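Structure (structure tokens):
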């Protein structure tokens with residue numbers, strides 16, 4: 060689904076966010092807290108771009124994306 064060095068898992072789930080949404084859920088090993096010393100804004104931006112490109116190219120299967128920390 061998503062090819063990015065920091066995307067460790069991907070799935071499509073249904074969530075009730077302002078109505079029923081199909082969400083591309085990406086688990087990442089990146090630090091998502093901007094105050095963490097290992098936070099890398101460029102890598103996060105890159106991951107977000109890839110996720111948005113997937114959403115744009117696949118409107119029939121996903122509505123949006125979400126990124127969460129992977130342990």
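Numbering (our numbering), first residue to last: 60 to 130.
Virtual Cβ for every residue (Gly too), placed ideally from N, Cα, C.
Treat the numbers as computed from the prediction; the structure is a model and nothing was measured.
Query: Hey, could you find the ends of the alpha helix (DSSP H) residue 106 is sitting in?; Result: 100–116
Query: Specify the secondary structure class of residue 86 as computed by DSSP and reduced to three states.; Result: strand
Query: Assuming contact is defined by CB atoms lying nearer than 8 Å, are residue 62 and residue 121 in contact in what I supplied?; Result: no
Query: What does the alpha-carbon distance come out to for the pair residue 123 and residue 99?; Result: 23 Å
Query: With residue 92 as the anchor, note down where its beta strand (DSSP E) starts and where it stops.; Result: Segment: none, residue 92 is in no beta strand (DSSP E) and carries neither H nor E.
Query: Count the other CB atoms, across all protein chains shown, that sit within 10 Å of the CB of residue 85; report buried if there are 16 or more and exposed otherwise.; Result: buried
Query: Compute the Euclidean distance between the alpha carbons of residue 77 and residue 125, then round it to the nearest angstrom.; Result: 15 Å
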